[in-house]
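Here the sequence shown is numbered in UniProt numbering, starting from 1 and rising by one per residue. Each remark here refers to the structure printed beneath this line.
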Amino acid sequence: MRLTIRIRASGFSQRSHHPMIVACHCEGTGWKFWGDSNLKSKFWGRSIQLDPVGVLTLEFDDGEVFQWSKVTTSIYNLILGKLYCDHYGTMRIEGNREHSCKLKFKEQSIIDRNPHQVQGIVQDKHGRTVATLLGKWDESMYYMNGDFSGKGKGFESMKEAHMLWSRSKPPRFPTKYNMTRFAMTLNELTRGLKEKLPPTDSRLRPDQRYLENGEFDMANSEKLRLEQRQRQARNMQERGWKPRWFAKDKGSDTYRYIGGYWEARGRGNWESCPDIFGQIPIDQVFD
């Protein structure tokens with residue numbers, strides 16, 4: 001199944017199902033962001049390790065560019081115990097001008113009473129540390145000007161620290177599955193929006209909509225139908241799937257947005273997009 005997931009001024013597309021490759025392109029005032037992501041997984045019996053493959057790029061209109069890759073994620077207690085996840089490893093954010101950053105996500109241990117720690121430094125082009133970062137990936141991040149990386153586990157005086165980011169407040173109700181308010185709006189179909197979307201848009205998935213509405217039997221039935229439809233469509237493809245909005249860059253082996261989405265949306269013309277959620281005509285189905 002090839003999905004298009006769109007949020008404001010952006011495009012996300014699932015380029016491949018096996019392996020699952022997700023590409024995205026976003027544009028805002030003064031900046032562009034793009035990247036693709038694939039996963040390499042290792043199963044360890046009671047846990048699974050996920051190693052992201054891919055590069056994320058942020059470019060500003062003045063020409064400054066930053067690139068980085070994600071760290072490793074592991075999910076523990078798959079069979080027994082309380083399920084939890086952890087992010088760990090070193091993230092290097094490389095800039096093409098004055099500054100670069102190195103963030104270390106500390107791996108959680110069994111006896112760790114202060115998990116999810118992140119520490120890092122920002123360096124100039126000469127290798128001098130100009131700022132120190134500290135925080136937790138599930139709570140907040142702070143910075144201080146200067147090199148405090150050797151001052152112990154935390155800043156000596158948090159009064160001099162400046163907050164960079166803090167997590168949004170979690171929903172009050174446990175039935176929201178700990179999704180943020182932003183995440184809960186991603187499947188929303190506002191009045192008049194459905195007619196503007198391509199037939200590959202993930203908000204048009206019927207099983208997802210049934211699940212959101214609490215119709216669990218219909219959601220399961222539709223999920224099985226879509227999986228069968230996907231297998232039939234894959235058998236009908238002679239040359240494999242060719243992405244519509246993205247193309248692989250030969251130099252970097254990453255996917256880049258090639259344009260056309262917003263133009264097609266403006267015209268309301270989605271003839272080149274397959275109806276991946278509908279029924280396959282009987283005369284096109286074969287064993």
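Note that the Cβ used here is the ideal one computed from N, Cα and C, for glycine as well. None of the values given here were measured: they were computed from a predicted structure.
Candidates the options: closest to residue i by CA position
i	options	result
Trp44	Ser74, Gly30, Met20 and Gly63	Ser74
Lys125	Gln117, Leu133 and Gly95	Gly95
Trp245	Lys40, Ile258 and Ser41	Ile258
Leu109	Arg128, Tyr255 and Tyr88	The identity of residue 109 in the sequence shown is Ser, whereas the question assumes Leu. Residue Tyr88 is the option with its Cα nearest to Ser109.
Val65	Asp86, Leu83 and Trp34	Trp34
Ile79	Glu59, Ile48 and Cys273	Ile48
Lys249	Arg46, Cys26, Gly54 and Leu50	Note on residue identity: the sequence assigns Asp, not Lys, to residue 249. Among Arg46, Cys26, Gly54 and Leu50, the Cα nearest to that of Asp249 belongs to Gly54.
Asp112	Gly127, Asp86 and Leu164	Asp86
Lys136	Arg234, Lys82, Glu107 and Ala247	Glu107
Sequence-distant residues of the same chain with beta carbon closer than 7 Å to residue i, five excluded per side
i	result
Gln279	none
Gly260	Trp245
Arg8	Any reading at Arg8 must be qualified, since the residue scores a pLDDT of 49, below 50, and its modelled position is unreliable; the value itself is stated next. Contacts found: none.
Glu271	none
8 Å contact criterion, which residue i and residue j should meet: CB distance rounded
i	j	result
Ser37	Pro52	6 Å
Asp61	Gly30	5 Å
Leu103	Leu134	At roughly 10 Å, the Cβ-Cβ gap does not stay under 8 Å, so Leu103 and Leu134 are not in contact.
Pro171	Pro274	About 35 Å; that fails the 8 Å criterion.
Phe277	Leu164	About 40 Å; that fails the 8 Å criterion.
Sequence-distant residues of its chain with Cβ nearer than 8 Å to residue i (five each side left out)
i	result
Ala131	Ile121, Val122, Tyr143, Met144, Asn145 and Gly146
Thr129	Ile121, Val122, Gln123, Gly146, Asp147 and Ser149
Glu139	His116, Ser166 and Arg167
Gly268	Glu195 and Lys196
Lys70	Ser37, Pro52, Gly54, Leu56 and Met91
Nonlocal neighbours in the same chain, by C-beta distance under 6 Å from residue i, ignoring five residues either side
i	result
Gln67	Val55, Thr57 and Glu94
Thr180	Ser168
Just to confirm the assignment: which complete beta strand (DSSP E) runs, minimum length 3, are found wholly within the region 94-181? 99-105, 117-124, 129-136, 140-145 and 162-166
Please list the segments of the alpha helix (DSSP H) lying wholly inside the region 206-287, counting only runs of 4 or more residues, in order along the chain. DSSP runs (the alpha helix (DSSP H)) wholly in the region 206-287: 206-212, 216-236 and 261-267.
Threshold first: 3 residues or longer. Then list the beta strand (DSSP E) segments lying entirely within the region 18-63, N to C. You should have 20-28, 31-43, 47-53 and 56-60.
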